[in-house]
Amino acid sequence: MTETTGGVELDEEMSGVIKKFMFVNRKAPYGTIYALEGLEVVLISAAFDQDVSLVFLDDGIYQLVKGQHTKAIDVKNFSPTYRALEGYDIEKLYVEKESLEARNLTVDNLIVPVEVLTSAEMAALMTEQDVVISF
Amino acid sequence: MLHIVNKSPSERNTLDSCLRMSGKGSAVLLIEDGVYGATKGNIAEGKIKEALKDRSVYALWPDLEARGMQDAVIEGVKLVDYGGFVDLVAEHNNAQSWL
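Chains S and D, in that order, are what the protein sequence lines are. For the first sequence, our numbering begins at 477 and goes up steadily by one. For the second sequence, our numbering begins at 23 and goes up steadily by one.
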């Protein structure tokens, strides 16, 4: 059964479908606006009760580095926000092992608990998503 | 001459170009995302160490601190604040920003 709302046909069963969303973060924080904007979109996505995964690759890993102090560059330090994601039921955070190692970092250097995946595991996770959004 | 790099070496090749084109005795200043090039174990560590043999390499401290990389600086890289940045620009007869 369908109902018509403002010209858009909504199938009642379809409107409750939960899709797998993956947000791919590949940029360092502060140098560009991508990291902060990506985080804002992730927070918005939490309102739609979807199956959200956050992935950190390449320089995106730097977003999660502990000990960021931004007072001297006069920019908001948004790194504590990653710790608040859990409160929005966004609990699937993944980092690529190869990207961590290429930057001499380990999970101990990161501000939140994450699952470390190899490139191959990351590729498999990416393939099974319904929607992939890149920042 | 002063060379300024503001991009991460694992994102762009500007640090490579800078190190190729900067001559002996010149100064290289890493700012913004460029400061990742001044950290231990990064992709450009070897090239920075090589450059340190015949030129000065500086990194902007407020940018390192903002990124949480203040404890990972390669030995020999000198740290400057904004005042030091101004001094470097004033001390050199010209400057190139590798955008």
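Just so it is clear, CB atoms sit at the ideal spot from N, CA and C, and this is done for glycine as well.
Counting along the chain, D55 of chain D sits inside no beta strand (DSSP E), nor does DSSP assign it H or E at all. Proximity of chain S to G90 of chain D at the Cβ level (cut-off 7 Å) is accounted for by V541, K542, G543 and Q544, in chain order. Not a single CB atom of chain D sits nearer than 8 Å to the CB of A522 of chain S. Runs of the beta strand (DSSP E) lying entirely within the segment 85-114 of chain D and spanning at least 3 residues, in chain order: 100-102. Note that the C-beta distance between I566 of chain S and D525 of chain S is not below 8 Å. For the pair of segments examined, the segment 529-542 of chain S was found to touch the segment 576-591 of chain S: the number of CB pairs separated by less than 8 Å reaches three. Inter-segment contact for the segment 98-105 of chain D and the segment 68-87 of chain D is present: three or more beta-carbon pairs are separated by less than 8 Å.
In this structure, D55 of chain D places its C-beta atom within 8 Å of the C-beta atom of A504 of chain S.
Residues of the segment 568-586 of chain S with a C-beta less than 9 Å from any C-beta of chain D: S575, E577, A578, R579, N580, L581 and N585, listed in chain order. Across the segment 504-519 of chain S, CB contacts with chain D closer than 9 Å involve A504, P505, Y506, G507 and T508, in sequence order along the chain.
Restricted to the segment 501-571 of chain S, the beta strand (DSSP E) segments that are unbroken, complete and at least 3 residues in length are 527-532, listed in chain order.
Collapsing the DSSP output to three states places L74 of chain D in coil.
Under the three-state reduction of DSSP output, S119 of chain D falls in the strand class. DSSP lists S:F497 as the bridge partner or partners of V607 of chain S. For V583 of chain S, the three-state secondary structure derived from DSSP is helix.
V531 of chain S sits close to V500 of chain S, with the two beta carbons spaced by under 8 Å.
Cβ neighbours of Q118 of chain D within its own chain (closer than 6 Å, five residues either side excluded): H25.
R42 of chain D counts as exposed, since fewer than 16 other C-beta atoms from the protein chains shown sit within 10 angstroms of its C-beta. Looking from the CA of R34 of chain D, the closest CA among D:I70, D:G59 and D:G47 belongs to D:G59.
E591 of chain S: member of the beta strand (DSSP E) spanning E591 to L593, first to last residue.
A residue is called buried once 16 or more other Cβ atoms fall within 10 Å of its Cβ, and A112 of chain D, having fewer, is exposed. Residue environment analysis places I53 of chain D among the buried positions, since at least 16 neighbouring C-beta atoms fall within 10 angstroms of its C-beta.
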